[in-house]
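> I have a structure I would like to understand better, so I am pasting it below and will then ask my questions one at a time.
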Amino acid sequence: MATSKDAFADEGKSYSYTVTLYAGNGTIIEPDGQTKTSESYGSYGYGEYCTIPWQTLNIQPDDDKYYVKGIRLAGHDELAESGNIEVTQDLQYVVAYGMKKDQVAYTINYVDANGAQIADSETFYGNIGDKPVIAYRYIEGYQPTNAYNLTGRLKGNADNVFTFKYQAVQGSSAGTTNDGASAGTTGGQATPGDENAATGENAAGDEATGDEAADEAGTQEGAANGAEPAELLDIDDDSNPLASAQSAVQETFSNPLNYLPWVLGVLVVIALISVIALMVAKKRAGKDAS
79 MATSKDAFAD
89 EGKSYSYTVT
99 LYAGNGTIIE
109 PDGQTKTSES
119 YGSYGYGEYC
129 TIPWQTLNIQ
139 PDDDKYYVKG
149 IRLAGHDELA
159 ESGNIEVTQD
169 LQYVVAYGMK
179 KDQVAYTINY
189 VDANGAQIAD
199 SETFYGNIGD
209 KPVIAYRYIE
219 GYQPTNAYNL
229 TGRLKGNADN
239 VFTFKYQAVQ
249 GSSAGTTNDG
259 ASAGTTGGQA
269 TPGDENAATG
279 ENAAGDEATG
289 DEAADEAGTQ
299 EGAANGAEPA
309 ELLDIDDDSN
319 PLASAQSAVQ
329 ETFSNPLNYL
339 PWVLGVLVVI
349 ALISVIALMV
359 AKKRAGKDAS
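Residue numbers (the working numbering): 79 to 368.
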């Protein structure tokens, strides 16, 4: 029996929808130097997915005290938690800004099943304590295997590395990256960055500039060719084996207290060697005296 939702979905197939990102208290600068206040993506059918690759956009805040922290759905305060947006209507997103504080860099890696790099790493900035949500990057011929989105708390004395794992899609020529379809959701931009987001909405908009069909194709490939990747993977979650290995390594090298047992062990060995050497020396001295 068809439900009202099914009927609405069928009706919606005859419409196309647009997803628009507004720069708010900032400006989007095009590669040719032109500026604009928004970026539009479309058109999408009902139930299709859009990825807003805001990290690939050159977004400049009006005040250099701020940085681009992420994006949020217009009318909402919380940052978006996924780069894969299901489109069921026209959507408006707004760039969220944070005040720069203790800035740290974080790196995004893209590797295959053997750990070999398949796309250039990217470095962005955020404040210590920020928890960016980073969407996977569409890479032609590959599909993500661990997650569509990664997140984790930025630390001051750590490498802050987020690694997406991919596998080659059978029957495809893997290895070509589509920079135009690089995806990003909530995290710091390549401009160093806080907490209370100083956000703004700008009603001005540009016309649609093209869709993100390539991103959707990459997402759907993952579901069709094997186990579905996690929608959101927290690298700080020790209960998740895919996440805990990376966070454990970072914790070991970032916390000096983790070296304490090794240091104490070395000191004990040195002390024992010294005592034995002293006893041997005394014994030899006694023999010489006799």
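Note that the Cβ used here is the ideal one computed from N, Cα and C, for glycine as well.
#1: Comparing C-alpha positions only, which one of Ile107, Gly102, Glu126 and Gln112 sits nearest to Ser92?
#2: Alpha carbon to alpha carbon, how far is Phe202 from Thr185?
#3: DSSP three-state label for Ile206, please.
#4: Does the beta-carbon distance from Gln167 to Tyr119 come in below 8 Å?
#5: With distances taken from CA atoms, which of Leu151, Gly176, Ala152 and Val172 is nearest Lys143?
#6: With 16 other CB atoms within 10 Å as the buried threshold, where does Arg215 fall?
#7: Cβ of Glu213 within 8 Å of Cβ of Thr113?
#8: Look up Val189 in the DSSP assignment and give the residues it is bridged to.
#9: Give the straight-line distance between the Cα atoms of Thr232 and Ile206, rounded to the nearest whole angstrom.
#10: Quick check on Pro307: buried or exposed, where buried means 16 or more other Cβ atoms within 10 Å of its Cβ?
#11: What distance in whole Å lies between the Cβ atoms of Tyr100 and Val172, which are believed to be in contact at a cut-off of 8 Å?
#12: When the Cα atoms are used, what is the spatial distance from Gln242 to Glu164?
#13: Look at the Cβ atom of Ile106, then the Cβ atom of Ile137, and state whether they are nearer than 8 Å.
#14: Tell me, please, which residues DSSP counts as bridged to Ala174.
#15: Taking all protein chains shown into account, decide if Asn162 is buried (16 or more other Cβ within 10 angstroms of its Cβ) or exposed.
#16: Distance check for Trp132 and Asp314, CA to CA, integer angstroms please.
#17: Alpha carbon to alpha carbon, what distance is there between Gly230 and Pro210?
#18: Which class does Ala305 belong to by DSSP, given the choice of helix, strand or coil?
#19: Please go through the same chain and pick out, in chain order, the residues whose beta-carbon is closer than 6 Å to the beta-carbon of Val239, but skip the five residues on each side of it.
#20: Thinking C-alpha only, which one of Val182, Val344, Glu117 and Ala152 is nearest Ala236?
#21: At a cut-off of 7 Å, would you count Asp315 as near the ligand GDP, judging by its Cβ distance to the nearest heavy atom?
By the coordinates alone:
#1: For the purposes of this step, residue 92 is taken as the residue at position 14 of the sequence shown. Looking at the Cα atoms, Glu126 is the closest of the given residues.
#2: Translated into positions along the sequence shown, residue 202 becomes position 124. Translated into positions along the sequence shown, residue 185 becomes position 107. Whole-angstrom Cα-Cα distance: 6 Å.
#3: Taking the first residue of the sequence shown as position 1, residue 206 is located at position 128. Residue state, collapsed to three classes: coil.
#4: By 1-based counting over the sequence shown, the position of residue 167 is 89. By 1-based counting over the sequence shown, the position of residue 119 is 41. Cβ atoms of Gln167 and Tyr119: not closer than 8 Å.
#5: For the purposes of this step, residue 143 is identified with residue 65 of the sequence shown, where counting begins at 1. Taking only the C-alpha atoms, the option nearest Lys143 is Gly176.
#6: Residue mapping note: residue 215 aligns to position 137 of the sequence shown, counting from 1. When all chains shown are included, Arg215 counts as buried.
#7: Here residue 213 refers to the residue found at position 135 when the sequence shown is read from its first residue. Here residue 113 refers to the residue found at position 35 when the sequence shown is read from its first residue. With the sequence shown as reference, residue 213 is identified as Ala, and Glu is not the correct amino acid for it. No, Cβ-Cβ distance for Ala213 and Thr113 is not below 8 Å.
#8: One-based indexing of the sequence shown puts residue 189 at position 111. Val189 pairs with Gln195 and Lys243.
#9: Taking the first residue of the sequence shown as position 1, residue 232 is located at position 154. Taking the first residue of the sequence shown as position 1, residue 206 is located at position 128. The identity of residue 232 in the sequence shown is Leu, whereas the question assumes Thr. The alpha-carbon atoms of Leu232 and Ile206 are separated by roughly 5 Å.
#10: Residue numbering aside, residue 307 sits at position 229 when the sequence shown is read from its first letter. Answer is buried; the Cβ neighbour count reaches 16.
#11: Taking the sequence shown and counting its residues from 1, the one referred to as residue 172 is at position 94. Taking the sequence shown and counting its residues from 1, the one referred to as residue 100 is at position 22. So it is a contact: roughly 5 Å between Cβ atoms.
#12: Position 164 of the sequence shown holds residue 242. Position 86 of the sequence shown holds residue 164. Reading off the sequence, residue 242 comes out as Phe, not Gln. Straight-line Cα distance between these residues: approximately 22 Å.
#13: Start at 1 with the first residue of the sequence shown, and residue 106 comes out as number 28. Start at 1 with the first residue of the sequence shown, and residue 137 comes out as number 59. Contact: yes.
#14: Mapped onto the sequence shown, residue 174 falls at position 96. Ala174 pairs with Gly148.
#15: Counting from one through the sequence shown, the residue named residue 162 turns up at place 84. It counts as buried.
#16: Counting from 1 along the sequence shown, the entry for residue 314 is found at position 236. Counting from 1 along the sequence shown, the entry for residue 132 is found at position 54. Rounded to the nearest angstrom, the two C-alpha atoms are 24 Å apart.
#17: Taking the sequence shown and counting its residues from 1, one reaches residue 210 at position 132. Taking the sequence shown and counting its residues from 1, one reaches residue 230 at position 152. If you take the alpha carbons of Pro210 and Gly230, they lie about 7 Å apart.
#18: Taking the first residue of the sequence shown as 1, we reach residue 305 at position 227. Looking at Ala305 - three-state DSSP - the assignment turns out to be coil, as it is neither helix nor strand.
#19: Here residue 239 refers to the residue found at position 161 of the sequence shown. Counting only Cβ-Cβ distances below 6 Å, and skipping sequence neighbours, we find Thr185.
#20: On the sequence shown, residue 236 is found 158 positions in, with the first residue counted as 1. Minimum Cα distance to Ala236 is reached at Val182.
#21: The ligand GDP is absent from the structure shown, which contains no ligand whatsoever.
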